[in-house]
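Asker: Residue numbers (our numbering): 533 to 936. Just so it is clear, CB atoms sit at the ideal spot from N, CA and C, and this is done for glycine as well. A quick note: this is a predicted structure, and the numbers were derived from the prediction, not measured.
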Amino acid sequence: MKILVINTGSSSIKYQLFDLGSQDKVIASGIVEKIGEDISFVTYKRILPGGSGFEENTEECSIGDHAKGMNRIVDLLVDSTHGSIKDKKEISAIGHRVVHGGEAFHSPTIIDEEVIKAIERNIPLAPLHNPSNLVGIEVAELTFPDIPQVAVFDTAFHQTMPMKAFLYALPLEMYKKNGIRRYGFHGTSHSYVAEKAAEYMGRPLNELNLITIHLGNGASMAAIKEGECVDTTMGMTPLAGLVMGTRSGDIDPALPFFMAERFRLSLKDIDTLLNKDSGLKGLCGTNDMREVIDQKDAGDEDSKIALDVYAYRIKKYIGSYFAALGNLDAVIFTAGIGENVSYIRELCCGGLDGLGIEIDLERNNKNGNGIREINSAGSKSKILIIPTDEELKIAQETKKIIEN
Ligand code: ADP
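Structure (structure tokens):
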């Protein structure tokens with residue numbers, strides 16, 4: 533079954549076409565960028581007809597709006613000589629990544645009028661993302677009017693959190709009237725790697741207590757008890773929690789007032805400072821972990837301290853999630869940094885033997901693909917590296933929902 537997965541941003545559309553069967557595979561993928569600007573870019577990779585290799589290319593062109601971007605994607609998919617499919621009717625459904633489902637969505641959902649209204653109602657919670665996601669849905673419905681469109685929400689997996697974990701200690705009205713609470717994000721990734729861990733460990737997910745650590749440009753952790761999320765580090769917005777590439781994560785909530793008064797910064801300035809100029813970038817000048825590690829290896833003190841701050845925050849959350857869970861079956865590292873940076877994993881897990889989390893440094897330092905176990909033989913909890921694949925998970929969820 534062929535499922536098209538779409539992730540729409542304010543000026544971009546990312547897509548992957550999956551062929552889901554006995555072996556799930558990507559048959560085409562790409563991104564349309566700088567939509568609406570003078571020059572747009574379309575980067576694509578597609579399996580050629582008959583499976584005779586891949587073609588990759590980037591073209592410069594003018595893509596005035598998202599609808600034109602979607603048309604270009606369809607042309608690339610069904611191109612008569614190079615397309616991966618012969619007819620767009622081969623696509624059975626479209627899965628959309630939608631950032632904020634608020635409290636309305638606990639699981640993926642077939643999109644109808646009501647669902648669109650609910651996503652619209654959540655715009656105040658994700659003003660940068662939900663409007664773009666809605667544009668993606670609108671243009672996909674125009675281009676593919678006859679097939680189901682499914683919304684898969686970044687927030688849905690975290691909807692099992694109990695009130696004690698999601699409520700802020702603010703006037704209760706703020707939650708009841710305005711939905712101000714912790715929601716959490718990256719849910720698709722946390723649930724994907726949790727399922728993979730259960731498969732790997734040969735045990736049912738609903739018997740497992742896990743701590744999942746997603747370290748990409750954005751970063752978050754989840755505490756998963758008997759297969760369900762009971763806590764997560766991101767909050768009402770993705771600014772909370774861990775130190776990220778350019779986001780501060782947790783800070784003293786009084787700091788914005790101090791900055792406004794002391795430095796005469798506007799709300800917008802502070803928003804930019806905390807979201808775009810903080811995190812690793814703020815501490816040592818770059819948000820790219822590869823560069824931070826290179827700088828540290830070259831003796832740069834700021835980079836060394838940035839990595840210490842980054843990892844110490846994660847380590848503290850491992851401790852607090854251990855307390856939330858009571859006992860622990862596995863710690864899971866995923867995404868660009870979690871999967872590739874042994875130094876960070878070592879800093880996060882070193883010295884946790886008292887919690888039954890013992891890292892094996894030799895295993896941790898070995899490069900490899902797929903799922904890797906990096907705990908020592910005697911460790912009570914496993915430490916796993918599990919590559920995430922949010923698009924595949926969206927495709928699988930989409931298939932599941934249209935088959936039922
Ligand atoms: P996104 O959130 O954009 O999907 P990724 O999961 O791709 O992010 O992670 C991006 C981060 O991972 C960057 O900081 C990048 O430097 C880091 N990263 C990716 N691959 C490697 C690698 N092989 N070694 C070190 N860092 C890596």
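Of the choices K847, D820, G910, whose alpha-carbon is the least far from that of S835?
Answerer: In the sequence shown, counting from the first residue as 1, residue 835 sits at position 303. With distances taken between Cα atoms, S835 lies closest to D820.
Asker: From G870, K914, M733, pick the residue whose C-alpha is nearest to that of D885; which is it?
Answerer: The residue given as residue 885 occupies position 353 in the sequence shown. For D885, the nearest C-alpha among the options comes from K914.
Asker: Can you tell me whether C593 is buried or exposed? The criterion is at least 16 other CB atoms within 10 Å of its CB, across all chains shown.
Answerer: As a first step, residue 593 must be located in the sequence shown, where it is residue number 61. C593 comes out exposed.
Asker: Does the structure place the region 702-722 close enough to the region 877-897 that three or more beta carbon pairs sit under 8 Å?
Answerer: With the cut-off at 8 Å, the region 877-897 and the region 702-722 do not touch.
Asker: Go ahead and label T590 buried or exposed: buried means 16 or more other beta carbons lie within 10 angstroms of its beta carbon, across all protein chains shown.
Answerer: Taking the first residue of the sequence shown as position 1, residue 590 is located at position 58. Per the 10 Å Cβ criterion, exposed.
Asker: G777 and N738: beta carbons closer than 8 Å?
Answerer: Position 245 of the sequence shown, counted from the start, is the residue given in the question as residue 777. Position 206 of the sequence shown, counted from the start, is the residue given in the question as residue 738. Against a cut-off of 8 Å, the Cβ pair of N738 and G777 comes out as no contact.
Asker: Evaluate Y844 with the Cβ neighbour count: other Cβ atoms within 10 Å of its Cβ, from every protein chain shown; 16 or more gives buried, anything less gives exposed.
Answerer: Translated into positions along the sequence shown, residue 844 becomes position 312. Looking at its Cβ environment, which holds fewer than 16 other Cβ atoms inside 10 Å, Y844 is exposed.
Asker: Ligand 1 heavy atoms versus the CB of R845: any closer than 7 Å?
Answerer: The count along the sequence shown starts at 1 and reaches residue 845 at position 313. No, since every heavy atom of ligand 1 falls outside the 7 Å radius drawn around the Cβ of R845.
Asker: Count the other CB atoms within 10 Å of the CB of L674; is the residue buried (16 or more) or exposed (fewer)?
Answerer: Working through the sequence shown from its first residue, we reach residue 674 at position 142. Exposed, since its Cβ has fewer than 16 Cβ neighbours within 10 Å.
Asker: Would a C-beta distance cut-off of 8 Å place L657 and H638 closer than the cut-off?
Answerer: The residue labelled residue 657 in the question sits at position 125 within the sequence shown. The residue labelled residue 638 in the question sits at position 106 within the sequence shown. The answer is no: Cβ separation not under 8 Å.
Asker: What did DSSP end up calling T818 once you bin it into helix, strand or coil?
Answerer: As a first step, residue 818 must be located in the sequence shown, where it is residue number 286. Three-state DSSP puts T818 in coil, outside helix and strand.
Asker: Would you check whether ligand 1 has a heavy atom nearer than 7 Å to the C-beta of D820?
Answerer: Position 288 of the sequence shown holds residue 820. Checking the Cβ of D820 against ligand 1 gives yes.
Asker: Quick check: the Cα distance between S624 and P703, rounded to an integer number of angstroms?
Answerer: Position 92 of the sequence shown, counting from 1, holds the residue named residue 624. Position 171 of the sequence shown, counting from 1, holds the residue named residue 703. So the alpha carbons of these two residues sit roughly 47 Å apart.
Asker: DSSP beta-bridge partners for S578?
Answerer: The residue you call residue 578 lines up with position 46 of the sequence shown. This sequence places Arg at residue 578; Ser is not what is there. DSSP output for R578 lists A560, E587 as bridge partner(s).
Asker: Helix, strand or coil, according to DSSP, for V775 in the structure here?
Answerer: To locate residue 775, count along the sequence shown from 1; it is residue 243. V775: coil per DSSP, three-state reduction.
Asker: Which residue spans inside the region 811-865 form an unbroken alpha helix (DSSP H) run of at least 4?
Answerer: If we require 4 residues or more, the alpha helix (DSSP H) runs fully inside the region 811-865 come out as 811-816, 821-829, 833-857.
Asker: Can you tell me whether F854 is buried or exposed? The criterion is at least 16 other CB atoms within 10 Å of its CB, across all chains shown.
Answerer: Sequence index remark: in the sequence shown, residue 854 carries index 322 (1-based). The residue is buried, with at least 16 neighbouring Cβ atoms inside 10 Å.
Asker: How would you write the range of the beta strand (DSSP E) that S624 sits in, first residue to last?
Answerer: Position 92 of the sequence shown, counted from the start, is the residue given in the question as residue 624. Unbroken beta strand (DSSP E) run through S624: 623-630.
Asker: If we require 3 or more residues per run, which beta strand (DSSP E) segments fall completely within the region 716-756?
Answerer: Whole beta strand (DSSP E) segments, 3+ residues: 742-747.
Asker: What is the DSSP secondary structure of F676, counted as helix, strand or coil?
Answerer: For this step, residue 676 is matched to residue 144 along the sequence shown. F676: coil per DSSP, three-state reduction.
Asker: Grouping DSSP H, G and I as helix and E and B as strand, with all else coil, what is R904?
Answerer: As a first step, residue 904 is located in the sequence shown; it is residue number 372 there, counting from the start. The answer is strand: DSSP assigns R904 an E or B state.
Asker: Check whether the Cβ atoms of A940 and I538 lie closer than 8 Å to each other.
Answerer: This structure gives no information on residue 940, because the portion of the chain shown stretches from 533 to 936.
Asker: Pull up the distance between the alpha-carbon of Q681 and that of I876, whole angstroms please.
Answerer: As a working note, residue 681 is residue 149 in the sequence shown. As a working note, residue 876 is residue 344 in the sequence shown. In a straight line, the C-alpha of Q681 is about 39 Å away from that of I876.
Asker: Based on the DSSP secondary-structure assignment, which residues constitute the bridge partners of K914?
Answerer: By 1-based counting over the sequence shown, the position of residue 914 is 382. DSSP lists A862 as partners of K914.
Asker: With a 10 Å radius around its C-beta and 16 neighbouring C-beta atoms as the bar for buried, classify I642 as buried or exposed.
Answerer: As a working note, residue 642 is residue 110 in the sequence shown. Exposed is the call here.
Asker: For A786, is the classification buried or exposed, using 16 other Cβ atoms within 10 angstroms of its Cβ as the cut-off for buried?
Answerer: For the purposes of this step, residue 786 is taken as the residue at position 254 of the sequence shown. Exposed is the call here.
Asker: What span of residues does the alpha helix (DSSP H) with L549 cover, start to end?
Answerer: Walking along the sequence shown from the start, residue 549 turns up at place 17. Per DSSP, L549 belongs to no alpha helix (DSSP H); it is in the beta strand (DSSP E), 545-551.
Asker: Does the contact criterion of 3 or more C-beta pairs under 8 Å hold for the region 726-746 versus the region 846-864?
Answerer: As far as the Cβ criterion goes, the region 726-746 touches the region 846-864, which means the pair count is three or higher.
Asker: Cβ atoms of A751 and L916: under 8 Å apart, would you say?
Answerer: Taking the sequence shown and counting its residues from 1, one reaches residue 916 at position 384. Taking the sequence shown and counting its residues from 1, one reaches residue 751 at position 219. Their beta carbons are not under 8 Å apart, which means L916 does not touch A751 by this criterion.
Asker: If you check the beta carbons only, do M791 and I802 fall under 8 Å apart?
Answerer: Here residue 791 refers to the residue found at position 259 when the sequence shown is read from its first residue. Here residue 802 refers to the residue found at position 270 when the sequence shown is read from its first residue. Yes, the Cβ-Cβ distance between M791 and I802 is below 8 Å.
Asker: Helix, strand or coil, according to DSSP, for N899 in the structure here?
Answerer: Counting from one through the sequence shown, the residue named residue 899 turns up at place 367. Reduced to three states, the DSSP call for N899 is coil.
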